[in-house]
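> After the structure tokens below, expect a handful of questions from me.
Protein chains in written order, with our numbering: chain A, 101 to 209; chain B, 2 to 117.
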């Protein structure tokens, strides 16, 4: 089955700086890559996604890039704000959703 | 927010007892999933369903069973709870699962289960 690895597991940045989270996947059949944000005590919520026929997608301060050849995809958050502090999960979907182990992001005011 | 309700939200149970968690959706989505979330492991798939009475195992299915008798309900049963099943359980739903038609998984609020 699919194996999704996510790094780093924890990340602290100063408010206004950028944050980057990286994921790799193993199954070349995976074709959909969502990113989720999970706040304390809540279920994960989608923040951005990308399909395998697209290399980059941007939504305001959030962007995702995908390198199909290398099986890498990354989340970029610019101009970070304290409310960006949460746990972020990447996922790869072929037949099922496979999730990374999560990155705990702390934005320091 | 997608219409997903998990019940109960919290439960404490004793080792060896059966436990059933319920997931109810109002979105009429075809796919339903049960995940468990543990520190250092992220979200791991227990079982999923692709239609009424159609279910399959995920990567951590041992000790769990599921049933889906109606589109809107997906039940997860721990036949004989063990301390290793202490976790937060999330139900998720999605609409499509095919080439170029995949959509996001929507998650419920989670059920915190403690087995003592």
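We put the beta carbon where it would ideally sit given N, CA and C, even for glycine.
What would DSSP say about residue 39 (chain B), mapped onto helix, strand or coil?
Translated into the one-based positions of the second chain, residue 39 (chain B) becomes position 38. Strand, per DSSP.
> Residue range of the beta strand (DSSP E) that residue 127 (chain A) falls in?
On the first chain, residue 127 (chain A) is found 27 positions in, with the first residue counted as 1. Residue 127 (chain A) -> no beta strand (DSSP E), and no H or E assigned at all.
> If residue 169 (chain A) sits next to residue 155 (chain A), beta carbons under 8 Å apart, how far is it from one beta carbon to the other, in whole angstroms?
Numbered from 1 along the first chain, position 69 holds the residue referred to as residue 169 (chain A). Numbered from 1 along the first chain, position 55 holds the residue referred to as residue 155 (chain A). Not quite, the Cβ-Cβ distance comes to about 11 Å (not below 8 Å), so this is no contact.
> Tell me, please, whether the stretch 171-183 of chain A touches the stretch 11-26 of chain B by the rule of three or more beta-carbon pairs shorter than 8 Å.
These segments do not touch.
> Are the stretch 24-37 of chain B and the stretch 73-93 of chain B in contact at 8 Å, needing three or more beta carbon pairs?
Yes, the stretch 24-37 of chain B touches the stretch 73-93 of chain B.
> List, in order along the chain, the chain A residues whose C-beta lies closer than 8 Å to that of residue 60 (chain B)?
For the purposes of this step, residue 60 (chain B) is identified with residue 59 of the second chain, where counting begins at 1. The answer, in chain order, is 101.
> To which residues of the same chain is residue 117 (chain B) closer than 8 Å at the C-beta, ignoring the five residues directly before and after it?
Residue numbering aside, residue 117 (chain B) sits at position 116 when the second chain is read from its first letter. If we look at residue 117 (chain B) and ignore the five residues flanking it on each side, its Cβ neighbours are 13, 14, 15, 16, 84.
> Going by alpha carbons, who is nearest to residue 111 (chain A) out of A:148, A:158, A:146, A:189?
Mapped onto the first chain, residue 111 (chain A) falls at position 11. That would be A:189, whose Cα lies nearest to the Cα of residue 111 (chain A).
> Exposed or buried, residue 22 (chain B), counting other C-beta atoms within 10 Å across all chains shown (16 or more means buried)?
One-based indexing of the second chain puts residue 22 (chain B) at position 21. With 16 or more other Cβ atoms within 10 Å, it is buried.
> Judging by CA-CA distance, which residue of B:70, B:54, B:61, B:41 is the nearest neighbour of residue 48 (chain B)?
As a working mapping, residue 48 (chain B) is identified with position 47 in the second chain. The option with the nearest alpha carbon to residue 48 (chain B) is B:61.
> Could you check the C-alpha separation between residue 107 (chain A) and residue 167 (chain A) for me, to the nearest Å?
Taking the first residue of the first chain as position 1, residue 107 (chain A) is located at position 7. Taking the first residue of the first chain as position 1, residue 167 (chain A) is located at position 67. Residue 107 (chain A) and residue 167 (chain A): Cα-Cα distance of roughly 16 Å.
> Once DSSP output is grouped into helix, strand and coil, what is the label at residue 184 (chain A)?
For the purposes of this step, residue 184 (chain A) is identified with residue 84 of the first chain, where counting begins at 1. DSSP places residue 184 (chain A) in helix when its eight states are reduced to three.
> Consider the Cβ of residue 142 (chain A): report whether some Cβ of chain B lies at a distance smaller than 8 Å.
If you number the first chain from 1, residue 142 (chain A) lands on position 42. It does: the Cβ of residue 142 (chain A) has a partner Cβ on chain B nearer than 8 Å.
> Rounded C-beta distance between residue 200 (chain A) and residue 127 (chain A)? I'm assuming under 8 Å.
Mapped onto the first chain, residue 200 (chain A) falls at position 100. Mapped onto the first chain, residue 127 (chain A) falls at position 27. About 14 Å separates the two Cβ atoms, so there is no contact after all.
> The ligand NAD heavy atoms versus the CB of residue 118 (chain A): any closer than 7 Å?
Here there are no bound small molecules, and the ligand NAD is not part of this structure.
> Hey, does residue 105 (chain B) have any beta-carbon neighbour from chain A nearer than 8 Å?
On the second chain, residue 105 (chain B) is found 104 positions in, with the first residue counted as 1. So, interface residue.
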